[in-house]
Amino acid sequence: MAIQFKIIDHVALVTLDAQQSNNTLTLSDLMHLRKTLGACQDDEQVRVIVLTGAGERAFCSGASHKESLLAASGFVAGTLKSRETEAEEGGYSRLFDLSDLDIWKPVVAAINGACLGGGLELALQCDLRIASSGATFGLPEVCDATIPAAGGVQYLLRAIPAAHAMKMALTGESIGAQEALDIGLIIELLPKDRLLPAALDLAGRIAANGPLAVQSIKRLALQTAHLAPRDFVTQAHLHWGLLRDSEDHAEGRMAQVEQRSPKYTGT
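Heads up: the sequence shown is residues 1 to 267, going by the UniProt record's numbering.
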């Protein structure tokens, strides 16, 4: 099975495991991944998600070409259908777009080896990215006379300075882990044996905070970045008000008074 899943404390570890093909994903793999991530959002036991690739060669190298990628119906007809229906009829590109899943729990990408094409598009949709020293990053689609179909160029422009993003997108050339760190694509560079422990530690530190507050921060970050100050402050105040009367907020205040670690329940 190409999608492995387990829960460690309050952290869901999702592993892409198709090592024989550098962790490329088939249509069924992508649908399984989407179902797994959606289940994580609805599972109150899960507070943070770590996404990684099995082995040392690749995080994810995009879509698998072992299956036919020719859609049964025309492009326009496919785009007017749900992602799942389009996929069942042979379309696959929109499955790399996770925006419709409304995953408000933070996702940490632990990137080992090649992170290319759709794989980089998946990583760019994660909230935090750390990588091992052997990781490489690229959007090679232009070399095959096409473009990243799940927003890769736009996500890259939001993640790193525009000149670096455009160079990667227009040349299709990959960059190494050190350059990725230098331009801000990743936040930490680690030896390969420390990558997953570091990702789980980071996820655990996030999971120790109030679950509802953590999700509210992510939701505000994604949904209000385009708003004018007056509007995004209004949204922030609304979320603050929703959290003000929560049991977790009361627990956090009491824990401060009693000088102990809080025990949050997500209520």
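Yeah, the Cβ is synthetic: ideal placement off N, Cα and C, and Gly gets one too.
Contact under 8 Å by Cβ, residue i with residue j
{"i": "G210", "j": "G252", "result": "yes"}
{"i": "D248", "j": "L212", "result": "yes"}
{"i": "G41", "j": "D102", "result": "Looking at the sequence shown, residue 41 is not Gly but Gln. Yes; because the gap between Cβ atoms is below 8 Å, this pair is in contact."}
{"i": "Y155", "j": "Q125", "result": "yes"}
{"i": "A58", "j": "N23", "result": "yes"}
{"i": "L200", "j": "V11", "result": "yes"}
{"i": "M168", "j": "G138", "result": "yes"}
{"i": "V50", "j": "A203", "result": "yes"}
{"i": "L116", "j": "S174", "result": "yes"}
Residue i to residue j span [Cα, whole Å]
{"i": "A2", "j": "H239", "result": "38 Å"}
{"i": "L181", "j": "I160", "result": "10 Å"}
{"i": "S261", "j": "A207", "result": "13 Å"}
{"i": "K218", "j": "G74", "result": "36 Å"}
{"i": "L37", "j": "L185", "result": "23 Å"}
{"i": "E121", "j": "P197", "result": "23 Å"}
{"i": "A150", "j": "A255", "result": "43 Å"}
{"i": "S61", "j": "K263", "result": "40 Å"}
{"i": "F232", "j": "T224", "result": "6 Å"}
{"i": "G266", "j": "I187", "result": "28 Å"}
{"i": "E258", "j": "R205", "result": "21 Å"}
{"i": "E88", "j": "A236", "result": "40 Å"}
{"i": "G55", "j": "L13", "result": "15 Å"}
{"i": "S216", "j": "F5", "result": "25 Å"}
{"i": "L220", "j": "A114", "result": "31 Å"}
{"i": "L227", "j": "V214", "result": "20 Å"}
Counted within 10 angstroms of its Cβ, other Cβ atoms place residue i as buried (16 or more) or exposed
{"i": "residue 269", "result": "With the chain represented from 1 up to 267, any question about residue 269 goes unanswered, as that position is not in the structure."}
{"i": "I8", "result": "exposed"}
{"i": "T85", "result": "exposed"}
{"i": "C143", "result": "exposed"}
{"i": "V108", "result": "buried"}
{"i": "H65", "result": "exposed"}
{"i": "T52", "result": "buried"}
{"i": "S132", "result": "buried"}
{"i": "E141", "result": "buried"}
{"i": "I147", "result": "exposed"}
{"i": "R34", "result": "buried"}
{"i": "L170", "result": "exposed"}
Residue i Cβ short of 7 Å to the ligand NAP heavy atom set
{"i": "G210", "result": "Because no ligand of any kind appears in the structure shown, any question about the ligand NAP cannot be addressed here."}
Delimiting residues of the beta strand (DSSP E) encompassing residue i
{"i": "S132", "result": "128–132"}
{"i": "G138", "result": "136–138"}
{"i": "C143", "result": "C143 -> no beta strand (DSSP E), and no H or E assigned at all."}
{"i": "T52", "result": "48–53"}
{"i": "T15", "result": "11–16"}
{"i": "L189", "result": "188–190"}
{"i": "A2", "result": "No beta strand (DSSP E) holds A2; DSSP gives it neither H nor E."}
Presumed contact (8 Å Cβ cut-off) between residue i and residue j, rounded CB distance
{"i": "K105", "j": "R194", "result": "The pair is not a contact, with the Cβ atoms about 24 Å apart (cut-off 8 Å)."}
{"i": "L16", "j": "L25", "result": "7 Å"}
{"i": "A135", "j": "I111", "result": "5 Å"}
{"i": "I130", "j": "L190", "result": "6 Å"}
Range of the contiguous alpha helix (DSSP H) that encloses residue i
{"i": "Q41", "result": "27–42"}
{"i": "L181", "result": "177–182"}
{"i": "I217", "result": "211–223"}
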